[in-house]
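Here's the structure, in structure tokens; my notes come after.
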Amino acid sequence: MVEAITEHRAWLKAYGAAPFDGRSEEEMWLEANPDDAGERLHQMPPMPTTKAGAVAAIRFVMEDRDYIQASHARILKQALAYLEGGAV
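Take the sequence shown: its letter number 5 is residue 4 in numbering that gives the first Met the number 0, and every next letter is one higher.
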């Protein structure tokens, strides 16, 4: 979980720093730099294997609280399953 969140945050930082002169340049950048970690987090989040991973998952969602979506609920569900000591 920590690795995926770290990778996704790095991608977000790179995206935010990329100089786009137009929509086509942004689309080319996105095509050349897929956000695999973000896809993993939003579609099939990994089960945290440490309390640090569970905390990272919860913090990830809390930092994005203005745009919470169903994929965030799946991340929290995985984190809570770890903290509660059971499977989803």
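Note that CB positions come from ideal geometry on N, CA and C, so glycine has one too. None of the values given here were measured: they were computed from a predicted structure.
Which residue marks the beginning of the alpha helix (DSSP H) containing residue i, and which one marks its end?
i	result
residue 0	Taken as a continuous stretch (DSSP letters only), residue 0 belongs to no alpha helix (DSSP H), as it is neither H nor E.
residue 42	35-42
residue 17	Note, residue 17: premise wrong, no alpha helix (DSSP H); not H, not E.
residue 61	50-62
residue 27	22-31
residue 132	With the chain running from 0 to 87 in the structure shown, residue 132 is simply not present.
When you compare only the Cα positions, how much space is there between residue i and residue j?
i	j	result
residue 77	residue 32	27 Å
residue 9	residue 35	12 Å
residue 26	residue 84	42 Å
residue 28	residue 12	13 Å
residue 22	residue 38	22 Å
residue 44	residue 53	11 Å
residue 49	residue 82	9 Å
Quick one: what's got a C-beta closer than 8 Å to residue i's C-beta in the same chain, skipping five residues either side?
i	result
residue 158	With the chain covering 0 to 87 only, the question about residue 158 has no answer from this structure.
residue 40	3, 4, 7, 59, 70 and 74
If you count every other CB in all the chains shown that lies within 10 Å of the CB of residue i, and 16 or more means buried, which is it?
i	result
residue 72	exposed
residue 55	buried
residue 16	exposed
Within its chain, find whatever has a CB closer than 6 Å to the CB of residue i; leave out the 5 residues flanking it on each side and keep chain order.
i	result
residue 19	25
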